[in-house]
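In UniProt numbering, the protein residues as written are 1 to 702. Glycine residues also receive a C-beta, built at the ideal position from the N, C-alpha and C atoms.
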Amino acid sequence: MKRRFTLLLSLAFIFAASFAGNVDENTARRVATAFLHSRMPDAHMVAPELPEALPAIHIGSERTLMYAFNFEKGGYVLVSATDAAIPVLGYSFDGIFTFDNQPPALSAWLTGYELQLSDIMDRNLAATPEISASWKSLTDYQPGETAQRDLRSVEPLLPSTWDQGSRYNALCPVDGAGPGGHVYAGCVATAMSQVIYYWRYPLQGTGSHGYYSDYGYLFVDFSQAGYDYDQMRNAIGPESNYEMAEIQYHCGVAVDMMYAPDGSGAYSFDAASALREHFGYSNQLSLQQKDNYSQTGWADLLMQNLDNGWPLYYNGFGSGGHAFNVDGYQGTDYFHFNWGWSGSYNGYFYLNNLNPGGNNFTYGQGAIVNFYPGSNYPYFCNGVKTLGRHNGTIEDGSGPVENYTAGLNCGWLIAPSDSVTNLTLTFEKFNLTDGLDVLNVYDGPDASYPLLASLTGTALPQAIEATGDRLFLEFLTEGDAGSGFRLSYNSDLAVFCSGTTIYSDFSGVISDGSGSRDYNNNSVCKFRVEPENANSITFTFNYLDTEPDYDQVKIYNLASQSLVASFSGNEIPESVNVPSGKAMVLFNTNNDITAGGWELSYVGEATTVGVTSAVHSGGLGVQVYPVPASDWLRVELISRLPADVRFTLLDLSGRVVANNIRAGFTGQETVLIPLRNLAEGIYYLKYASENSVGTHKVMISR
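1. Residues in its own chain within less than 8 Å of S511 by CB, not counting five upstream and five downstream?
2. Rounded to whole angstroms, how far is the Cβ of G340 from the Cβ of C187, which I believe are closer than 8 Å?
3. Does DSSP put A583 in a helix, a strand or coil?
4. I believe N234 touches S488 by the beta-carbon criterion, under 8 Å. Please report the beta-carbon distance rounded to the nearest angstrom.
5. Considering only the beta carbon of each residue, do V401 and G309 sit closer than 8 Å?
6. Given this structure, state the Cα-to-Cα distance separating S617 from Y625, to the nearest angstrom.
7. Please name the residue, chosen from K697, K686 and L649, that lies closest to P674 on a Cα-to-Cα basis.
8. If you check the beta carbons only, do I96 and Y76 fall under 8 Å apart?
9. Can you grab the Cα-Cα spacing for the pair S498 / G178, in whole Å?
10. In the DSSP assignment, the beta strand (DSSP E) including D221 goes from what residue to what residue?
11. If A466 and T426 are in contact, beta carbons under 8 Å, what's the gap, nearest whole angstrom?
12. Where does F324 fall in DSSP's three states?
13. Pick from Q289, G180 and I86: whose alpha carbon is nearest that of T128?
14. Inspect the beta-carbon positions of T405 and D434 and report whether they are closer than 8 Å.
15. Using 10 angstroms around the beta-carbon of K73, count the other beta-carbons present and answer buried if the total reaches 16, otherwise exposed.
16. Please report how far the alpha carbon of A170 lies from the alpha carbon of G205, in whole angstroms.
17. List the endpoints of the continuous beta strand (DSSP E) containing W412.
18. Could you check what DSSP says for D291 in three-state terms: helix, strand or coil?
19. Where V103 and G479 are concerned, what is the direct C-alpha to C-alpha distance, given to the nearest angstrom?
20. Are the Cβ atoms of A367 and Y313 separated by less than 8 Å?
21. Expressed to the nearest angstrom, what Euclidean distance is found between the alpha-carbon atoms of P51 and D163?
22. For my contact list, L157 and Y198 are in at a C-beta cut-off of 8 Å; report their separation, rounded to the angstrom.
23. For the beta strand (DSSP E) containing K136, name the first residue and the last one.
24. What residue range does the alpha helix (DSSP H) around L36 cover?
25. Could you tell me the alpha carbon to alpha carbon distance between I593 and S630, rounded to whole angstroms?
26. With distances taken from CA atoms, which of T670, N588, Y556 and R517 is nearest P579?
27. How long is the line joining the alpha carbons of A266 and Y113, rounded to whole angstroms?
28. Take the Cβ of T608 as the centre, count every other Cβ of all protein chains shown within 10 Å, and call the residue buried at 16 or more, exposed below.
29. Measure the C-alpha to C-alpha separation of R63 and N588 and round it to an integer number of angstroms.
30. Using 8 Å for Cβ pairs, my map puts S504 next to T540. What's the rounded Cβ distance?
31. Can you tell me which of the three DSSP states H616 falls into?
32. What is the residue span of the alpha helix (DSSP H) that S273 lies within?
33. DSSP on V495, reduced to helix/strand/coil?
34. Between the Cα of A459 and those of G484, Y449 and T477, spot the shortest distance and give me the residue it belongs to.
35. Is it buried or exposed, V420, if we count other Cβ atoms within 10 angstroms and call 16 or more buried?
36. In whole angstroms, what separates the C-alpha of L432 from that of A185?
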């Protein structure tokens, strides 16, 4: 009888434990901490003890469905609020989780989790033995346990953290309501282009395609397009990058992107056909649907591709229609998602139903598999390539999967077209046969300059910095056993336009400061023009070349605090007069397109000082005629006391074209200034004595 009672008690315990229960915040925190520690690669492991979790973020509109825990040293974990679901939904070893600026694809993915968790709670589903064991393993976890780190895994393959917004969309249709004044490039285009950048293939497209969009007819001749991956970057940075914007736009046109300022969309089956037809990817490339596979079969398909070094284009959750990339995994259940949102929220997420007995909310998922180049790949390097951008990436030419070949002798000259400082190489991958194959780095434009480093072996080199603005890289191989190298080169643009400059001379020349180079993005500079005793100032452009409508030169009247005029584009405008002696020139650039810049001349105008009272106080009276003048300019001077007067005739650029001095005169005197050799137009006569200064506008007309 006693034995029967014990057996019934044990069965009752097992039966009760299998039903769903809510998970409190403390238990969820313990699970999050244990899980992150157990999965953390050595590269992220800063201490053997458990990481410190910050207060939980509760997710769910009417009740807590899951918890998000951020960690003090970076990373986050999403934990189920019911123990009838798998414990951990997603995690990352860096970054933070908030509700701000979430990628639309992540928001849709989390909605799928919420639907599943609500279904599990509403139906009071029981935990499976596997789910219960997972919860117990994590709540009982000790820091010394390392078995989880031995899981089958592939580290994230994609080096890029691209986006579909500002600057990445610089070649997409213009729309003031969109980011940076353009429509979104679209998540489909971003997911395609990140894998294209990973392979650095093709160098040239195939065929052509056009279609009618809400922004007119859009057309790309892919056969005439060249893609320069060495001048692309892992992330675009604050300045525009034509090559990165081009590949995204071309992907968009190839899939008939439905462009819009609040989000652009396309179909994944169009992406698969475009990659084969216009970008030369394998004939084996295809779009597969998760619904056609078992849970294990789908995971095996994804892992097989990732094991081969082939990142995946992944689409959607439910009816959301979102696209992103899957480029790594840990175990058989968590896959690394690159959302295509500037790296925000990239992490590992659970793909399958959170409880096998729940309703299927994971429908609509698909992946483009066998996403690898077709023929004539890898290219391998040859000759010397010159790189003109101030930032970019270099790869040995063997691609991310193959080894390089023997007998290579090739180079890269990094020669930014803009003035730069702090030109630096940063290595991301390095694997050369030690002592047999070498990468030489020279501190100048060719191999005759000082050798900064001769690199071989498999240790990742330290950063290398040039002393000037040129670096030459030379790659020499005798063997073929290494997988090669990948590096980024970065430099800082010279500062042309910043701060506030004050001009007090009666005439002068103002410019954006870039000289023969293009000005920089994201620049702001001001020029206060306050000639002494001036009552008006005239501005005349010598040249103008800025991005139309966006990079504007604005002229303000400081006396009235009002905008007088603003200019952009490349047409020289009429001269502008500010009817006070105080003006401000403001130049402000956006983050997209740059151009040659601008230069303008200014001349102050003033009423002669002391005309009426000069006879009594030593002032100077001046009259200038005729107006307009032809061959001669007559200047009448009146001074009661001895005076030295200097005359200077200036053209609109501020250049001195004539000058004259009258020393020690008293009374009235006439000065003649010859004009025969001067072209027709407007000039300014500037004159000054010890007590008086002034300017007259002079017009020459014949």
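Inspection of the coordinates gives the following:
1. G597, W598, E599 and L600
2. 6 Å
3. strand
4. 6 Å
5. yes
6. Bear in mind that a pLDDT of 35 at S617, under 50, signals an unreliable position, so the model cannot answer this.
7. L649
8. yes
9. 28 Å
10. G216 to D221
11. Their Cβ separation, rounded to whole angstroms, is 13 Å, which puts A466 and T426 out of contact at 8 Å.
12. strand
13. I86
14. no
15. exposed
16. 20 Å
17. N409 to I414
18. helix
19. It should be pointed out that residue 103 corresponds to Pro in this sequence rather than to Val. So the two alpha carbons sit approximately 45 Å from each other.
20. yes
21. 30 Å
22. 7 Å
23. Per DSSP, K136 belongs to no beta strand (DSSP E); it is in the alpha helix (DSSP H), P129 to T139.
24. E25 to R39
25. 45 Å
26. Y556
27. 24 Å
28. Because the pLDDT at T608 is just 41, under 50, the model does not fix this residue reliably, and the value given afterwards should be weighed accordingly. Burial call: buried.
29. 48 Å
30. Their Cβ separation, rounded to whole angstroms, is 19 Å, which puts S504 and T540 out of contact at 8 Å.
31. Note on H616: pLDDT 26, under 50, position unreliable in the model; the coordinate value appears next. H616: helix per DSSP, three-state reduction.
32. S268 to E277
33. coil
34. G484
35. buried
36. 38 Å
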